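Note that full-length UniProt numbering has the sequence shown beginning at 1, numbered continuously upward. Ideal Cβ positions, reconstructed from N, Cα and C, are used throughout, including at glycine. If you're wondering where the values come from, they're calculated on a predicted model, not measured in any experiment.
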Amino acid sequence: MRFDPAPLRTAAIAAAAFLALRIVYRLVFGGLGGRIVLVDLPTLRLGGPFAMVRLFGPVSLDGIGGAVVGALPFAALILAFGVLAAVVDLRRLLAAWARRGPGRSIARALGIAVATMPSLAASFHDARRAAALRGERGGPALLVPVFERTIERALALAASLEVRGFGARRRLDGRCEAPVRLAGAAFAHEPGGVPVLHDVTFALPPGRLVLVTGPTGSGKSTLLRAVNGLFGHFDGGAQSGVVEVGGLDRASVPPRECAGFVGAVGQFPRDGFAGRTVAGELGLALALRGVDPVIVAARAAEAAAAVGVAGLLERLVDELSAGEAVRVGIGAAILERPIVLTVDEPLAELDAVGRALVVDLLDRLAHEAGVCVLVAEHRVEALARVADLELAIDAGHVVERMPQGAVGDPLPPAATAPSTGGTIASGSGPVNATAPTSAADSDALSDTVPGLAEPAPARLEVDGVDLRRDDRVVVAGARFAVSAGEVLAVTGPNGAGKSSLLDAIADGVDGVRIDGEPLPRRVRERRERVALVPERLDTLFTTDSVAAECHRADRRHRRPGGSGTGPDTFARFAGLLGEAAGTTSLVGGLPGRPDRPGSADRLDRLAAAHPRDLSGGERLCLALAIQTAGAPHVLLVDEPARGLDAAARSLVARALGRLAADGTAVVLATHETGFARSVATSARRIEQGALGPAVAVVDAMGTSR
Numbered sequence: 001m002r003f004d005p006a007p008l009r010t011a012a013i014a015a016a017a018f019l020a021l022r023i024v025y026r027l028v029f030g031g032l033g034g035r036i037v038l039v040d041l042p043t044l045r046l047g048g049p050f051a052m053v054r055l056f057g058p059v060s061l062d063g064i065g066g067a068v069v070g071a072l073p074f075a076a077l078i079l080a081f082g083v084l085a086a087v088v089d090l091r092r093l094l095a096a097w098a099r100r101g102p103g104r105s106i107a108r109a110l111g112i113a114v115a116t117m118p119s120l121a122a123s124f125h126d127a128r129r130a131a132a133l134r135g136e137r138g139g140p141a142l143l144v145p146v147f148e149r150t151i152e153r154a155l156a157l158a159a160s161l162e163v164r165g166f167g168a169r170r171r172l173d174g175r176c177e178a179p180v181r182l183a184g185a186a187f188a189h190e191p192g193g194v195p196v197l198h199d200v201t202f203a204l205p206p207g208r209l210v211l212v213t214g215p216t217g218s219g220k221s222t223l224l225r226a227v228n229g230l231f232g233h234f235d236g237g238a239q240s241g242v243v244e245v246g247g248l249d250r251a252s253v254p255p256r257e258c259a260g261f262v263g264a265v266g267q268f269p270r271d272g273f274a275g276r277t278v279a280g281e282l283g284l285a286l287a288l289r290g291v292d293p294v295i296v297a298a299r300a301a302e303a304a305a306a307v308g309v310a311g312l313l314e315r316l317v318d319e320l321s322a323g324e325a326v327r328v329g330i331g332a333a334i335l336e337r338p339i340v341l342t343v344d345e346p347l348a349e350l351d352a353v354g355r356a357l358v359v360d361l362l363d364r365l366a367h368e369a370g371v372c373v374l375v376a377e378h379r380v381e382a383l384a385r386v387a388d389l390e391l392a393i394d395a396g397h398v399v400e401r402m403p404q405g406a407v408g409d410p411l412p413p414a415a416t417a418p419s420t421g422g423t424i425a426s427g428s429g430p431v432n433a434t435a436p437t438s439a440a441d442s443d444a445l446s447d448t449v450p451g452l453a454e455p456a457p458a459r460l461e462v463d464g465v466d467l468r469r470d471d472r473v474v475v476a477g478a479r480f481a482v483s484a485g486e487v488l489a490v491t492g493p494n495g496a497g498k499s500s501l502l503d504a505i506a507d508g509v510d511g512v513r514i515d516g517e518p519l520p521r522r523v524r525e526r527r528e529r530v531a532l533v534p535e536r537l538d539t540l541f542t543t544d545s546v547a548a549e550c551h552r553a554d555r556r557h558r559r560p561g562g563s564g565t566g567p568d569t570f571a572r573f574a575g576l577l578g579e580a581a582g583t584t585s586l587v588g589g590l591p592g593r594p595d596r597p598g599s600a601d602r603l604d605r606l607a608a609a610h611p612r613d614l615s616g617g618e619r620l621c622l623a624l625a626i627q628t629a630g631a632p633h634v635l636l637v638d639e640p641a642r643g644l645d646a647a648a649r650s651l652v653a654r655a656l657g658r659l660a661a662d663g664t665a666v667v668l669a670t671h672e673t674g675f676a677r678s679v680a681t682s683a684r685r686i687e688q689g690a691l692g693p694a695v696a697v698v699d700a701m702g703t704s705r
């Protein structure tokens with residue numbers, strides 16, 4: 001019999017919280033009176049139809065005891081469930097129930113609910129953090145992002161469990177000689193809808209690495225989910241034509257029945273993790289089938305070795321880095337040795353080292369293990385060297401061609417060795433992001449890069465900031481300064497401390513000054529000085545339309561729409577998108593009327609759209625507009641290029657350049673050195689918490705920007 005203390009600990013906390021809430025309830029509604037009075041609070045009676053309601057009153061020792069005794073049965077029930085969950089693997093029981101017996105759909109739903117529950121605390125924490133970043137206290141508005149995030153997590157978990165065979169009544173085998181065949185296939189998001197992809201025809205043999213490319217929203221994920229079965233059986237999409245995987249008709253066979261020969265890794269692998277540890281996650285597919293735990297452990301160890309995470313089997317999945325999470329996701333997908341594997345944008349969150357590890361892993365799976373691997377990815381150059389075929393999507397058509405592009409150049413020595421000064425040279429030329437030419441950063445920058453102008457007065461100063469997490473040093477003695485109009489890129493690998501440094505600046509830890517003064521303690525006042533756009537920027541959105549988000553930001557900063565000293569938030573959003581003509585200052589004046597054909601119609605559509613329905617670049621521009629509604633002096637942006645295609649990166653680079661041109665000091669954290677070259681005026685590299693000296697960013701002509 002196993003013993004997992006986590007459910008028992010959670011149940012004990014929940015039981016104690018229930019007891020405390022019961023006492024508070026009795027206190028508020030005047031039910032703690034008795035013989036031994038501890039505190040005699042004044043009694044308040046409501047009027048009108050609530051005249052029978054009495055608030056507060058005396059608080060006695062025996063009254064508290066009575067409240068506790070009354071709540072004990074419910075608290076004991078909560079604790080009993082915790083004990084049961086600690087000694088019994090509920091997921092295995094639910095998996096067995098979902099395979100046979102009555103109420104299989106109920107068992108599947110309960111299984112998803114059990115797997116989703118642990119993420120509620122994380123969702124609430126993220127929502128509270130986002131409220132603080134917006135300059136709000138929280139309150140009922142927290143429920144919207146928590147609810148949306150919980151639904152997203154539940155859907156991702158349900159999809160992950162589906163492709164790993166949860167609830168399958170039968171197990172089918174596919175023909176390895178015919179992994180994927182599509183003929184005249186078309187895919188629409190709903191029956192009768194306009195096809196996203198049409199007349200799709202191709203056949204893929206085993207042992208091929210196939211790169212699926214196209215701009216954001218072109219249908220890359222749709223094609224992958226059509227192959228792994230989620231599009232038609234989980235997303236509710238409509239498909240026509242021939243779609244065969246392993247020789248089986250994809251339309252008639254749900255993913256859970258093909259889990260033995262089709263593996264899938266989603267765009268955000270962490271959201272699909274159902275195990276607590278790496279070992280539990282890797283072995284989940286076999287555990288769901290009721291395989292003996294000894295065999296499950298052995299196969300999980302085998303998969304871990306195959307993907308390079310053998311030393312992480314006992315680590316909690318919440319503690320994995322982005323690169324480790326992707327490799328664990330791939331390991332879980334190949335546990336049953338599939339003949340087809342779909343992987344959706346595995347490189348989006350990874351640094352150069354992480355990308356190289358994942359590319360090598362996918363290369364070996366295809367060309368050594370014989371798996372037919374389909375990878376949707378914006379980073380064509382990273383996979384072009386190992387890919388056998390490219391399926392390029394353009395305007396709904398899928399075109400077969402040889403992989404385009406070449407492997408990206410390694411970082412220049414100045415960017416990879418922070419111990420020496422230098423510059424980060426751009427490639428074919430920077431994106432015209434209207435970045436300012438101020439190169440002021442700090443004394444270190446002047447010493448490092450000879451010939452630069454004397455540093456301008458610093459708007460942001462970071463002096464000796466140290467951060468620790470548990471026993472680990474996250475940031476060690478960070479020192480730098482950023483002037484008005486400057487864009488500083490903090491680069492470095494995943495886990496180096498970039499996000500932690502930005503969080504520390506936003507929170508105003510000791511050593512952080514803006515315009516020579518420490519940050520205010522009040523959150524609202526702090527956000528008037530410094531704003532942060534977090535990596536998970538969707539947590540900033542709490543309403544159901546772009547217009548409502550912008551109006552909320554205007555009210556938060558006491559700016560009536562269009563009548564304040566600067567542009568209202570929606571006008572700022574339009575300006576960042578480049579949809580307003582004649583805009584010279586996003587802070588000091590309102591954008592003019594759009595003069596391009598269709599601009600007004602597009603803005604109307606954007607205003608009515610749900611924030612989460614925007615493209616990646618548009619969402620980031622909306623977050624920038626919301627967070628700069630109070631005209632902060634310093635703007636911090638965490639991983640602005642994550643998961644964006646080239647067009648969206650250019651849009652975001654121009655938006656950041658516009659904000660900097662208005663005098664905002666911008667600090668962005670990114671492992672995308674190409675993006676940093678397109679917008680930054682200077683850069684610093686951080687590794688293992690140590691921040692290196694500044695390097696100037698130069699264009700192709702060697703001129704510092």
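Item: Span separating the alpha-carbon of leucine 282 from that of proline 403; Value: 32 Å
Item: Spatial distance of alanine 300 from alanine 186 (CA atoms); Value: 37 Å
Item: Helix, strand or coil at alanine 109 according to DSSP, with G and I counted as helix; Value: helix
Item: Helix, strand or coil at serine 240 [DSSP, three-state]; Value: strand
Item: Below-7 Å beta-carbon distance, histidine 198 vs any chain C residue; Value: In the displayed structure, chain C is absent; only one protein chain is listed.
Item: Length of the line joining the Cα atoms of proline 594 and glutamate 579; Value: Any reading at proline 594 needs caution, since the residue's pLDDT is 45, under 50, leaving its predicted position unreliable; the model's value is listed next. So the alpha carbons of these two residues sit roughly 6 Å apart.
Item: When Leu467, Ala238 and Leu209 are compared against glycine 222, the one with the closest alpha-carbon; Value: Rather than glycine, the amino acid found at residue 222 in this sequence is threonine. The candidate whose alpha carbon is nearest that of threonine 222 is Ala238.
Item: Neighbourhood of valine 59 by C-beta, 6 Å cutoff - its chain only, sequence neighbours within 5 removed; Value: Leu32, Leu38 and Val39
Item: C-beta atoms of valine 296 and leucine 361 nearer than 7 Å; Value: no
Item: Proximity to valine 399 [Cα-Cα], best of Asp613, Leu488, Gly66 and Gly219; Value: Gly219
Item: Contact set for glutamate 549: own chain, Cβ-Cβ below 7 Å, skip 5 residues either direction; Value: Phe541, Thr543, Pro611, Leu622 and Ile626
Item: Of the residues Phe675, Ala86, Val262 and Arg164, the one placed nearest alanine 287, counting alpha carbons only; Value: Arg164
Item: Sequence-distant residues of the same chain with beta carbon closer than 6 Å to glycine 260, five excluded per side; Value: Arg171 and Glu336
Item: Alanine 168, DSSP secondary structure in three states; Value: coil
Item: Selected residue, minimal CA-CA separation from leucine 230, among Gly263, Leu209 and Gly214; Value: Gly263
Item: Exposed unless 16 or more other CB atoms sit within 10 angstroms - verdict on valine 358; Value: buried
Item: Cβ pair count under 8 Å reaching 3, the region 328-346 against the region 373-384; Value: yes
Item: Through-space distance from arginine 527 to alanine 629, alpha-carbon basis; Value: 10 Å
Item: Burial state of valine 695 (16 or more Cβ within 10 Å); Value: buried
Item: Collapsed DSSP secondary structure at valine 69 in the structure displayed; Value: helix
Item: Unbroken alpha helix (DSSP H) run spanning glutamate 148, endpoints; Value: 143-163
Item: Alpha carbon of valine 652 to alpha carbon of serine 615, nearest angstrom; Value: 12 Å
Item: Under the three-state DSSP convention, the category threonine 201 falls into; Value: strand
Item: Rounded C-alpha distance that separates alanine 387 from valine 328; Value: 22 Å
Item: Every unbroken beta strand (DSSP E) within the region 478-514, with a cutoff of 3 residues, ordered by chain; Value: 487-491 and 512-514
Item: Run of the alpha helix (DSSP H) containing aspartate 463, from where it starts to where it stops; Value: Segment 458-469 is the beta strand (DSSP E) holding aspartate 463; no alpha helix (DSSP H) there.
Item: Same chain, Cβ closer than 6 Å to glycine 495, five either side skipped, listed in chain order; Value: Ser321
Item: 7 Å CB neighbourhood of glycine 280 in its chain, flanking five on each side removed; Value: none
Item: Which of helix, strand or coil DSSP assigns to glycine 184; Value: strand
Item: Cα-Cα separation, alanine 158 to proline 255; Value: 12 Å
Item: Own chain residues within Cβ distance below 6 Å of serine 160, not counting five before or after; Value: Gly272
Item: Any 3 or more C-beta pairs closer than 8 Å across the region 456-476 and the region 671-680; Value: no
Item: Delimiting residues of the beta strand (DSSP E) encompassing alanine 669; Value: 665-670
Item: Residue closest to glycine 30, alpha-carbon to alpha-carbon, out of Leu19, Phe18, Ala17 and Leu46; Value: Leu46
Item: DSSP state of threonine 213 mapped onto helix, strand, coil; Value: strand
Item: For arginine 54: DSSP bridge partner residues; Value: Arg45
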